[in-house]
Amino acid sequence: TPVQNDLQEFYTIA
Amino acid sequence: MFEARLAQSAILKKVLEAVKDLLTEATFECSDSGIQVQAMDNAHVSLVSLNLRSDGFDKYRCDRNLSMGMNIGTMTKILRCASSEDTVTLRAWDNPDNIIFIFESQNKEKLSEYEMKLINMDQEHLGIPETVYSCVVKMPSQEFARICKDLSQFGEAITIACSKEGIKFTAAGDYGNANIKLAQTAEADKEEEAVIIDMQEPVKLTFACRYLNSFVKATPLCAQVKLSMSGDVPLVCEYQIGDIGHIRYYLAPKIDD
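Protein chains in written order, with our numbering: chain B, 51 to 64; chain U, 2 to 258.
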């Protein structure tokens, strides 16, 4: 089953 | 002082309905240029980015920048007290503890004021870079909502595959599977009924139905939705809000284990 990613893996905290 | 007025509360009512499933609280950043919200859901899987430009309001005054933490549930309840045709005014003083919502009926015979306590919030702003996406699809928002709803019956996730030929939505589950293909519109009589695909390279991504079904709550805001996708990066699902701004949803893809 595909695993759900965390959005913070793609964007850094500004 | 901060004061922002819309001739009809309908827009704000729809905006709240479009974010209430995803956000429990959010900071509204108010400046001369308008109102901005950027907030992630509790699970950090999706992000809502709302932009309402000051020139889209019937009256707008913001003497100094304000960050107002609001409870979205309470705000939704308050907005539900307004009739769609009511004028709505948001008002706050400098360093506010409260924000006031003022609804005035069209005939000016009924005036309602609701005061809501603001909350202190830790802010986690994500820096989202300008991105050129492999596929940008514009399609009727009602069609997108229908597809998400229909396919959700078959599985917890929807795979979106986009190529030059069209866009294909697939869901698979224990009871079977389903797929819906939309071809690019050859000639649309009405702009809002068109399916338009701008593709640099084909894309195939999988997303959780739960979040897509929350995003489509924005359907009443705009006849068209714009889906921007690239391999292994979050989907951007965008609805224009009249000529006042937009709401964008970002959703992290599911990746094969």
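Glycine is no exception: its CB is placed at the ideal position from the N, C-alpha and C atoms.
- Of all residues in the stretch 199-213 of chain U, only Thr207 and Ala209 place a beta-carbon less than 8 Å from a beta-carbon of chain B.
- Ranked by Cα distance from methionine 69 of chain U, the options U/Val196, U/Asp59, U/Arg92 and U/Val20 are led by U/Arg92.
- Setting aside the 5 residues that flank it on each side, tyrosine 240 of chain U is surrounded in the same chain by Ser142, Ala219, Leu222, Cys223, Val226, His247 and Ile248, each with a C-beta closer than 7 Å to its C-beta; the list follows chain order.
- Apart from sequence neighbours up to five positions away, the residues of its chain that approach isoleucine 73 of chain U with a beta-carbon distance below 8 Å are Leu17, Val20, Lys21, Leu24, Thr25, Glu26 and Ala27, ordered along the chain.
- In the DSSP assignment, asparagine 108 of chain U falls outside any beta strand (DSSP E), carrying neither H nor E.
- Counting only residues of its own chain and dropping the five nearest sequence neighbours on each side, asparagine 180 of chain U has a CB closer than 7 Å to the CB of Lys169, Phe170 and Thr171.
- DSSP places phenylalanine 145 of chain U in the uninterrupted alpha helix (DSSP H) bounded by 142-153.
- Per DSSP, the beta-bridge partners of glycine 177 of chain U are U/Gly174.
- Nearest CB-CB separation between proline 235 of chain U and chain B: below the 7 Å threshold.
- Of the residues assessed, threonine 132 of chain U falls on the exposed side of the cut-off, its CB having fewer than 16 other CB atoms within 10 angstroms.
- Per DSSP, the unbroken beta strand (DSSP E) holding alanine 209 of chain U starts and ends at 204-209.
- Proximity of leucine 24 of chain U to chain B, defined by a Cβ-Cβ separation below 7 Å, is not satisfied.
- U/Asp233 is the residue among U/Ala8, U/Asp233, U/Gln9 and U/Ala83 whose C-alpha sits nearest the C-alpha of cysteine 136 of chain U.
- The contact set of proline 254 of chain U on chain B, defined by CB atoms closer than 7 Å, consists of Asn55 in chain order.
- Of the candidates U/Ile12, U/Tyr61, U/Ala209 and U/Lys139, U/Tyr61 places its Cα closest to the Cα of arginine 6 of chain U.
- Cβ contact annotation for serine 215 of chain U (same chain, cutoff 7 Å, sequence separation greater than five): Asp22 and Leu23, in chain order.
- The Cβ of isoleucine 129 of chain U sits closer than 7 Å to at least one Cβ of chain B.
- With contact defined as three or more Cβ pairs closer than 8 Å, the stretch 192-210 of chain U and the stretch 138-156 of chain U are in contact.
- Looking from the CA of valine 89 of chain U, the closest CA among U/Leu183, U/Cys163 and U/Lys109 belongs to U/Lys109.
- With fewer than 16 other beta carbons inside 10 angstroms of its own, proline 203 of chain U counts as exposed.
- Of all residues in the stretch 39-62 of chain U, the ones placed with a Cβ closer than 7 Å to any Cβ belonging to chain B are Met41, His45, Val46, Ser47 and Leu48, in chain order.
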